[in-house]
Amino acid sequence: MARQAEQRFGSLFWQAFIKACGYASSVLVLIIVLFLFSEGMGLFSSPAIDRELVAAVHPDNPITEIDEETLHALLGEEITTWADFRSAKVELVNVNNLEKKLKAYGLQGRPEDVLGQNFERLPLLLDSMLTVHPGMLIILQPHFVPQRAKQVNVGHISLGRFLAGRTWDPTRSPSPLFGALPLLWGTILVTLGALFFALLLGPPVAMYMAELAPKPIYRWLKPTVELLAGIPSVVFGFIGLVVLVPNIQVVFGLDSGSTVLAGCMLLAVIALPTIISVSEDAIRAVPRTLKEASLGMGATHWQTMIRVIVPYSAPGILAAILLGVGRIVGETMAVLMVTGNTPQMVGFDFLASVRTMSAAIAAEMGEAPQGGLHYKSLFAVGCLLFLLTFIINLVGELLVAKKIKQR
Amino acid sequence: MKSHHLNQRIAFGVMKGLTLVVVAILAFVILYVVYHGIGSVLSWTFWTDVPRESMTSGGVFPAIVGTLLLTLISITAACLVAIPAGIFMAEYAPRGWLKTGIDIMTNNLAGIPSIVFGLFGMAVFVVGLGFGDSLLAGGLTLAIMVLPVIIRTTEQAVRDIPRDLRAASIAIGATRFQTISRVVLPVALPRIITGIILSIGRVAGETAPILFTVAALYLPQLPHSLLDQAMALPYHLYILSVSSPEPDKSLPLAFGTALILLILVLGLNLVANFIRNYYKKKFKL
Amino acid sequence: MHLRRRLPGFSAAFCLLAMPLWLGCARSEGYIKIKGSETVLPISLKLAEHFTETPGLPGVSVTAGGSGVGIAALLADNTDIAMSSREIKFEEVTAFKLRGLEFVELVIGFDALAIIVHKNNPVDSLTMQQAKAIFQGKVTNWKQVGGADQRIVAFNRESSSGTYEFFKKKILEKEDFAALQTVGANGELIEKVAHSPATVGYVGIAYVNPRDVKPLRIYNEKLRQSISPTIENSLNKTYPLVRPLYFYYLKKREKAVAAIINYMKTQTGQELVRAAGYPPNPEFYRIPQSR
């Protein structure tokens, strides 16, 4: 009796454990998404200036809110006068130009001497400056803003500007620019190039392995491809750095070999194993009867391949390519090491250097203080990267699943 | 007719050639690293010494230990959850839309870029749970990364067990759980182990998830607790190749580190293949 | 019976699950963490080596990132010492004060920031204005600053590095850089400049290796002559681009980091700074009397 009870308890425990693990791991994706997005979306509910700063103006200035667009125009000195405030000239004061402004105001010497060790005399001074220049816009820490000045709300960073902004300058002070378009374009450009090389090699090799390779050769080829999949991407990046980059520099006569092209070549190699093995499975799934019918009609082996096998396995090969693209888009270390890391819009220039989304996260996260705008913006880039790979992989998986069902 | 055969010959030739290119790429990578790294790797101190003189001489011992520890932690944690989860998927999961949903979830987990896992690990383990930069935070991050791989291997292995075996077990009066634990699992185990071994290779070589969760640039002593930072081989290779004060002098060390990583991955692949082939033969008998 | 046989399994599983709890209480104090600027890295590496090799001294871990990260980590209590190649910023000081933390600053040495070019570049020296024009994209050909007729390719550093901020403050007078290729690490920069004749970049003097790259002399307006970036010229204050290198630590952790801080204030500690390739801090360093 007791033994049976023990046994029963044991099996119940393990069954419960198994179920718990099953459900836990299936909600893991949701948890990851939750964390990623809660951090990343924080960017879009933050004002467009550094979190420890406020903007303030003359108390008579009617403005109460500055949106992101206007703020950048003000900082870029594209707007120089207040339209609805006596057309007063905008006089910008922030951490960067404080020293210069004080000098212009007639104060000589080091700021510490003029303002006191902790700048405690600054609010008073700004107060008197405010009388002289009513058009002043102060962007500073709240405790430096004079009592009299009126704080204005700064608009939130908008999703549109994040997705379509063409400048990625996350540490610009006082208002950083989070235009992720150069990073997104960097990823797209590298992916397109890598896809070109991967398509050149992947499907034909898969076809050879599935249809032509004699058994002894196949027994060597299969592990070779698996081995290629196993090599860490940092090793590829290293090889790229010492072999590809210097050679590209010499061959194309560039000033720096860290280019999109180098990234494309490495990523193609990294994506190859996925593309080859998934396409190979798809090609092998073609029913023997179809092939034999074609051959029986007098078609050559090659004609059968092109006219029968390829069309039949096309969805599977497409899925393989999509899964390969998923791998390329998310790859980090190799890209970080060879593409030159410049967040710039380059068009279709494969010899320029870019910074991809994954490389931006890897390169900048170590330097972004926690909880700041830069930190949040990198999570937002992570969200974008996640969504991109999620969609690509989902379509790929669905294609594979459909194929299996057909069988 | 002739031209068809000519076409075929050209096409097959091209395919063979492209296959050779792929093999040549792999051969080049391996031979290049071996050729330049063998000098470092053959010296005993490279394996046993700490990095010296601003990483221009000495060895990579702390990085080797760090990578081994990270692998141990992450694989243990991953297996603890992933094997039961895999059995669940194969045996217990209710069929229908829920199952499809779970399948899609796991498959997508596998497709998430490793750097995103790094972000997640940093937000949750390093900052959220307060582990700081530590072996524990890095290990758990890597564990989550390989979770779907082990889940899928286990699920597939359990599902591919011949029906006769289960039927026989049920027929002699075993319960469903007894069948799973005494019959199905032992037979599926070799394939699960193969999957785990390949995951080890993945974990040991991955850099992006450990960038902000564990890696120290230089820590010439071994970690004392799971909350210590550690050096790791892939990160060390990255550092040696991009941020050494004297690139010329650290290049041989970088090649040596790359070679150790290659040996590790190569070795694990060989072992996995051996197990796979051995059991394939055994179960065919 | 079976339960008993499975007991080891149970307990192993339990231990693994309970481990994080146990670890939460057992945080290791086995080593001192230094984090931050890559420019200061050569000093910290030498320091860590010395501390590891000398019995009785605590171990040291070094993590890179950038000056800003080091200070942010200090603020979050994630490191014991923050290394920085720039002075702590005003907003950072306020952040410490808001959290009621007090920090201590120590100048461990100096850096002569060098502007480097390919070793075959005929240009030997620049004025500060020329350097500014180059990095703002206003001068685009070496011909314009006395060199060969060749396009100028300037490399920038990661924007959160202290070196970047110092350069921006001192050379660009806080104006913006042109869109330049960014190089993440000093070693990578040296490698790039060494292999391409048109390039120019800026880097801490310890990273300058005269075999690979040529550091330019900078025109000193007071002395009306160009001065090359050397340890001697930094110590006698004739080179214009000299900046202090800092260690920051929390006052409440003073005891824990005392071994390192006190060592850095000794002659041997300062010789280590010099051995790393940087000008030592004359406050703690007696220049050997050679003359």
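Chains as they are written, first to last, in the working numbering: chain A, 546 to 952; chain B, 5 to 289; chain C, 12 to 302. All residues carry an ideal CB built from backbone N, CA and C; glycine is no exception. Note that the coordinates shown come from a computational prediction; the quantities given were computed from them, not determined experimentally.
Can you give the Cα-Cα distance for residue i and residue j, rounded to whole angstroms?
i: ASP658/A; j: TYR650/A; result: 15 Å
i: VAL70/B; j: ILE148/B; result: A small fix is needed here, since residue 70/B is Gly in this sequence, not Val. One C-alpha to the other measures close to 18 Å.
i: ILE815/A; j: ILE873/A; result: 7 Å
i: GLY212/C; j: LEU671/A; result: 39 Å
i: SER801/A; j: VAL188/B; result: 58 Å
i: HIS919/A; j: ALA913/A; result: 6 Å
i: GLU623/A; j: LYS179/C; result: 22 Å
i: TRP713/A; j: LEU109/C; result: 30 Å
i: ALA37/C; j: LEU112/C; result: Since pLDDT at ALA37/C reaches only 45, below the 50 mark, its modelled position is unreliable, and no value is offered.
i: GLU614/A; j: ILE684/A; result: 16 Å
i: MET126/B; j: PHE216/B; result: 6 Å
i: GLY158/C; j: ARG168/C; result: 24 Å
i: GLU199/C; j: TYR42/C; result: 29 Å
i: VAL574/A; j: ALA142/C; result: 51 Å
Using a 10 Å radius around the Cβ and a threshold of 16 neighbouring Cβ atoms, would you call residue i buried or exposed?
i: ARG302/C; result: With a pLDDT of 47 at ARG302/C, under the threshold of 50, the modelled position of that residue is not reliable, and no figure is offered here.
i: LYS286/B; result: exposed
i: SER47/B; result: exposed
i: ASN642/A; result: exposed
i: LEU930/A; result: buried
i: GLU202/C; result: buried
i: GLU942/A; result: buried
i: ASN886/A; result: buried
i: GLY567/A; result: buried
i: VAL18/B; result: exposed
i: PHE797/A; result: exposed
i: ARG900/A; result: buried
i: GLY710/A; result: buried
i: TYR296/C; result: buried
i: GLY35/C; result: Low confidence applies to GLY35/C: its pLDDT is 45, below 50, so where it sits in the model is not reliable, and the reading given next is rough at best. Counting Cβ neighbours within 10 Å, GLY35/C comes out exposed, since fewer than 16 surround it.
i: GLY47/C; result: buried
i: TRP153/C; result: buried
i: ILE4/B; result: Limits of chain B in this structure are 5 at one end and 289 at the other, which puts residue 4/B out of reach.
i: ILE594/A; result: buried
i: HIS9/B; result: exposed
i: LEU32/C; result: With a pLDDT of 47 at LEU32/C, under the threshold of 50, the modelled position of this residue cannot be trusted; read the value that follows with caution. Exposed.
What do you reckon, are the CB atoms on residue i and residue j nearer than 8 Å?
i: GLU103/C; j: ILE119/C; result: no
i: LEU256/C; j: VAL115/C; result: no
i: PRO715/A; j: PHE723/A; result: yes
i: VAL697/A; j: GLU610/A; result: yes
i: VAL150/B; j: VAL207/B; result: yes
i: SER703/A; j: PHE783/A; result: no
i: SER95/C; j: TYR259/C; result: yes
i: CYS809/A; j: GLY585/A; result: no
i: MET902/A; j: LEU729/A; result: yes
i: VAL780/A; j: VAL880/A; result: no
i: THR934/A; j: GLY869/A; result: no
i: GLY70/C; j: GLN225/B; result: yes
Under the assumption that residue i contacts residue j (Cβ atoms under 8 Å), give the Cβ distance between them as a whole number of angstroms.
i: TYR250/C; j: ALA123/C; result: 5 Å
i: VAL64/B; j: ILE264/B; result: 7 Å
i: LYS836/A; j: THR845/A; result: At roughly 12 Å, the Cβ-Cβ gap does not stay under 8 Å, so LYS836/A and THR845/A are not in contact.
i: SER858/A; j: ALA827/A; result: 4 Å
i: ILE608/A; j: VAL602/A; result: 6 Å
i: GLY4/B; j: GLY41/B; result: Lying before the first or after the last residue shown, residue 4/B is absent from chain B, which here runs from 5 to 289.
The ligand SAH and residue i: does the residue's C-beta get closer than 7 Å to at least one heavy atom of that ligand?
i: SER898/A; result: Ligands displayed in this structure: none; no statement on the ligand SAH is therefore possible.
How about the segment 116-129 of chain B and the segment 211-218 of chain B: do they share at least three Cβ pairs that are nearer than 8 Å? Contact between the segment 116-129 of chain B and the segment 211-218 of chain B is present, because at least three Cβ pairs lie under 8 Å.
Should the segment 194-208 of chain C be called in touch with the segment 272-289 of chain C, which here means at least 3 C-beta pairs below 8 Å? no
Between the segment 210-227 of chain C and the segment 68-86 of chain C, do three or more beta carbon pairs fall short of 8 Å? no
Are the segment 748-767 of chain A and the segment 787-805 of chain A touching by the rule of at least three beta carbon pairs closer than 8 Å? no
Using 8 Å as the cut-off, can you tell me whether the segment 621-637 of chain A makes contact with the segment 666-681 of chain A, which would need three or more C-beta pairs spanning the two stretches below that distance? yes
Count the CB pairs spanning the segment 63-76 of chain C and the segment 217-225 of chain B that are closer than 8 Å, and state whether there are at least three. A contact exists between the segment 63-76 of chain C and the segment 217-225 of chain B.
Would you check if there are 3 or more beta carbon pairs closer than 8 Å linking the segment 19-27 of chain B to the segment 758-770 of chain A? yes
With a threshold of 8 Å, are at least 3 pairs of Cβ atoms found where one atom belongs to the segment 183-194 of chain C and the other to the segment 228-239 of chain B? no
Between the segment 172-188 of chain B and the segment 106-113 of chain B, can you find at least three pairs of beta-carbon atoms closer than 8 Å? no
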